[in-house]
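J.: One structure, as structure tokens, below. Some questions next.
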Amino acid sequence: MTDMLEPRAMGRDRVRHDARAKVTGAALYAGDHAVERPVHLHVLQASIGRGRVTSIDASEASALDGVLTVLTHENAPQLSNADDAELFILQSPAVAFRGQIIGAVLAETPEVARQAAGSVRVAYDVEAHDVDLRADRDDLYAPEEVNAGYATDTDDGDVDAAYDAAPRRVDQSYRTPLEVNNPMEPHATTATWSEDGLTLHDSTQGVHSVRATIAPLFGLDEDQVRVVAPHVGGGFGSKGTAHAHIALAAMAAKVSDGRPVKLAVTRQQMFSLVGHRTATIQRVRLAADEAGHLTAVAHEVVEHTSRIKEYAEQTTVPTRSIYATPNRRTSHRLAPLDVPVPSWMRAPGECPGNFGPEVAIDELAEVCGLDPIELRVRNETDVDAATGLPFSSRTLVECFDIGALRFGWSDRPTVPGSRVVDGWRVGLGVATSTYPVHTMPGSVAKVRSEGEGHYAVHIGAVDIGTGTWTALAQIAADALDVAVECIDLEIGDTSLPYATVAGGSSGIRSWGSAIVEAARRLRSEHGDHPPEGANGESEAADNPDTEQYAMRAFGAQFAEVQVHCDTGEIRVPRMLGVFAVGRIVNPRTARSQLVGGMTMGLSMALHEQAFLDRATGHIVNHDLAEYHIAAHADVADIEAIWVDEEDPHLNPMGTKGIGEIGIVGAAAAIANAAHAATGTRVRELPLTADRYLP
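Residues in the sequence shown are numbered consecutively from 37, following our numbering.
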């Protein structure tokens, strides 16, 4: 692909377009949208793991002053489409998991709605539930495909024979826990019905995807549903698809006599209503020759899915591309459980799927007597084994070289547990990061000349806190050869041209390419100085290079870990990520995204784990008091840098996507550093103090 944009506005550090609005409170989120006489909704949730509702006594709730309606399966409007069992709520008394929506209280204030919900009495016919993930279950099955359309299994060469013949081998199991997205803004929806149809102010990563999902539920054409999301306070994947609470808000608004309905999902409710990252059990086998060259790799995963709706995390997919080996096997098996429906969480597949292999590589380096970076470099490849295509760019070795020098890697002790400073064992660890370069087809942008060198740019993209307002304006300014101040950007509304979801680190690539194409069309039809009112509208152009090259981002993650000799307390005083992610549109927002991902990886390594109680099917630590996430005190120094990487095959901007690669590899680097500090190898996250006690 040629004719890349020259960086003028692009590549410059610019303050976020929406920064002032956010810090002054002027930015309106879904729950902030002002409507007249709103009805407030509080969700009723099942308190059993599986069974049926036999009766609901709402008499006490209905008697409270301000309560308008108690909505249940007995009086809820009928939905028109049953294709998605997660969304097909209040249509039967069946309960598929603890926390499932079984009703709602509608009241004049949120306080009254919540109080009334606590007084509703529900009786059940309880059935045995199962939330136990094990690798030896007899009901494991292979899905037809895994997330993003990848093949469930791959088997190249003769892995077993190569493994048996290898002089250097590792065969271990690794586990990652169930994790839950906790964006700063919990999910919220304001739903309003009118003669024209349904309007949703929703906290979502994709306004058009919500419209496409909700419209058929209510028997509507898509043009009868408008979804608005100018500002979103984070999502990390949990807002990448429509969940049941959106359907509930729309359903409640339908029975509210024309009044709009506001639904704010509580922090506790988020643990069962808006998806989670599935737990995984990963068996990794690595075989190498005497020099450390991989002769076989096998990565087999067992993970859970909901019994009512399949979600297959693509956990072993990165193993298909990362290192060179003639023999490779990957597989996924699912355990259908009575759990809430899993969904996307930052770097689905790559994040949990990187942990097992990258810790195993560290173990293989020890078996081979090699430096962990040297082992990785010896197994570098220019070809993506998954596709057979050469990489459009792969600057991973440079990332390791820069990071090792900057982090002081050469000074690390080679004997685990040998460095003790003031009662703390100290070690350094490293891991590889990788993430695919996704482009989602179909986004359309419209560019209109406003006269005197000013332009209006319209696209239905969503800024979930990543800096989209700023970056898209920079891309448009470069495409139109004007200053960023001459761009009037509008996003976050289905009344604007179609845009794909903000997911898979694909947003800037997909939306920016459409904006560039629309700008080029405007100028080709109206010249370099188009008259006021002239329009250019276009979908992103096809990129033939995607058939010729494999496209991935890469990085090297470094961590220093301190483990207290007596208590096992773990500290991470330093983290460094060095990334090769194509051209950077805005260094300020890019650094924020990469550091944010690394921080989330730190959280994964040290804290995050949702505990499913086998007896009740309940996630017992369902709040931020007990589901711990990383805070400022967890790391003293965290730094993200990048190499200058020009890749003409990617898109007109030369970008790869940066939202997710920062989390990939961070947990493995910390686990490897903890081993270097203590000599104790922990293969299960999170890394808790008890595992390192003497």
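We put the beta carbon where it would ideally sit given N, CA and C, even for glycine.
Contact defined as beta carbons within less than 8 Å: I believe Arg-52 pairs with Thr-506. What is the distance between those atoms, to the nearest angstrom?
T.: The Cβ separation is near 5 Å, so the contact holds.
J.: Thinking just about the alpha-carbon of each residue, which of Val-617, Pro-533, Pro-609 and Pro-722 is nearest to the one in Asp-670?
T.: Nearest option by C-alpha distance: Pro-609.
J.: Please classify Gly-276 as buried or exposed, where buried requires at least 16 neighbouring CB atoms within 10 angstroms.
T.: By the neighbour-count rule (16 or more Cβ atoms within 10 Å), Gly-276 is buried.
J.: For Gly-36, which three-state DSSP category applies?
T.: With the chain covering only 37 through 730, there is no way to say anything about residue 36.
J.: Hey, could you find the ends of the beta strand (DSSP E) Tyr-491 is sitting in?
T.: It spans 490-494 - the beta strand (DSSP E) in which Tyr-491 sits, taken as one unbroken run.
J.: Counting only runs of 4+ residues fully inside the segment 202-279, write out the alpha helix (DSSP H) ranges in chain order.
T.: Runs found: 243-253.
J.: Could you give the distance in angstroms between the alpha-carbon of His-281 and the alpha-carbon of His-223?
T.: His-281 and His-223: Cα-Cα distance of roughly 9 Å.
J.: Along the chain, where does the alpha helix (DSSP H) containing Asn-708 start, and where does it finish?
T.: Asn-708 -> alpha helix (DSSP H) spans 702-714.
J.: Is Val-480 closer than 8 Å to Ala-538 when the C-beta atoms are compared?
T.: The answer is no: Cβ separation not under 8 Å.
J.: Between Asp-398 and His-329, what straight-line distance do the alpha-carbon atoms span, to the nearest angstrom?
T.: One C-alpha to the other measures close to 14 Å.
J.: List the endpoints of the continuous alpha helix (DSSP H) containing Glu-486.
T.: First-last for Glu-486: 480-487, but that is the beta strand (DSSP E), not the alpha helix (DSSP H).
J.: What do you reckon, are the CB atoms on Ile-551 and Ile-620 nearer than 8 Å?
T.: For Ile-551 and Ile-620, no; Cβs fall outside 8 Å.
J.: DSSP three-state label for Glu-521, please.
T.: Reduced to three states, the DSSP call for Glu-521 is helix.
J.: Could you check whether Leu-142 and Leu-176 sit closer than 8 Å to each other, using their CB atoms as the reference points?
T.: Going by C-beta atoms, Leu-176 is not nearer than 8 Å to Leu-142.
J.: Val-433: which of Glu-402, Ala-616 and Glu-258 sits nearest, CA to CA?
T.: Minimum Cα distance to Val-433 is reached at Ala-616.
J.: Near Thr-475, what residues of its chain come up, given a Cβ to Cβ distance below 8 Å and the 5 sequence neighbours on each side ignored?
T.: Only Ser-542, Arg-545, Ser-546, Ser-549, Ala-576, Asn-579, Thr-582 and Asn-687 meet the Cβ criterion.
J.: Alpha carbons only, please: which of Leu-723, Asp-196, Thr-716 and Phe-133 is nearest the one belonging to Arg-343?
T.: The candidate whose alpha carbon is nearest that of Arg-343 is Phe-133.
J.: In angstroms, rounded to a whole number, what distance separates the CA positions of Lys-58 and Ser-429?
T.: Spanning the two alpha carbons is a distance of roughly 37 Å.
J.: Determine the direct distance from the alpha carbon of Val-377 to that of Asn-363, and round the result to whole angstroms.
T.: Roughly 35 Å between the two C-alpha positions.
J.: Would you kindly report the start and end of the unbroken beta strand (DSSP E) that includes Asn-571?
T.: Element bounds for Asn-571: 571-575.
J.: Since Val-393 is in the alpha helix (DSSP H), which residue starts that stretch and which ends it?
T.: The amino acid occupying residue 393 in the given sequence is Pro; Val does not appear at that position. Unbroken alpha helix (DSSP H) run through Pro-393: 386-404.
J.: With a threshold of 8 Å, are at least 3 pairs of Cβ atoms found where one atom belongs to the segment 705-721 and the other to the segment 460-471?
T.: Result yes; three or more Cβ-Cβ pairs closer than 8 Å.
J.: Please tell me whether Leu-214 and Thr-314 are closer than 8 Å, where the distance is taken between their beta carbons.
T.: Contact flag set, yes.
J.: Are there 16 or more other CB atoms within 10 angstroms of the CB of Ala-354, so buried, or fewer, so exposed?
T.: In the sequence as presented, Ala is not what sits at residue 354; that position holds Pro. Buried is the call here.
J.: Over what stretch of residues does the alpha helix (DSSP H) that includes Arg-44 continue unbroken?
T.: That residue, Arg-44, is in no alpha helix (DSSP H); it is neither H nor E in DSSP.
J.: What is the DSSP secondary structure of Ala-639, reduced to helix, strand or coil?
T.: Correcting the residue identity first, residue 639 is Ser in this sequence and not Ala. Helix.
J.: Does the separation of the CB atoms of Val-79 and Ala-140 fall below 8 Å?
T.: Yes, they are a contact pair.
J.: On the premise that Pro-533 lies in contact with Lys-482, defined as a C-beta separation below 8 Å, what is that separation, rounded to the nearest angstrom?
T.: About 5 Å; that satisfies the 8 Å criterion.
J.: Taking the alpha carbon of Gly-715 as the reference point, which residue from Gly-439, Val-597, Ala-371 and Ser-308 has its own alpha carbon closest?
T.: Looking at the Cα atoms, Val-597 is the closest of the given residues.
J.: Could you have a look at Gly-633 and say whether DSSP puts it in helix, strand or coil?
T.: Three-state result, Gly-633: helix.
J.: Smallest Cα separation from Val-457: which of Met-587, His-600 and Asn-571?
T.: Comparing Cα positions, the closest option is His-600.
J.: Roughly how many whole angstroms lie between the Cα atoms of Gln-629 and Gly-695?
T.: So the alpha carbons of these two residues sit roughly 6 Å apart.
J.: Please go through the same chain and pick out, in chain order, the residues whose beta-carbon is closer than 6 Å to the beta-carbon of Ile-317, but skip the five residues on each side of it.
T.: Only Ala-171, Arg-211 and Val-338 meet the Cβ criterion.
J.: Round the Cβ separation of His-340 and Ala-371 to the nearest angstrom and send it over; I've been treating them as touching at under 8 Å.
T.: With 8 Å as the limit, His-340 and Ala-371 qualify as a contact, their Cβ atoms being about 5 Å apart.
J.: Are Val-264 and Val-75 close, meaning C-beta to C-beta below 8 Å?
T.: No, these two residues do not count as a Cβ contact at 8 Å.
J.: On the CB-based measure, 16 or more other CB atoms within 10 Å of its CB, does Pro-800 come out buried or exposed?
T.: Examination of residue 800 is not possible in this model, given that the chain is present from 37 through 730 alone.
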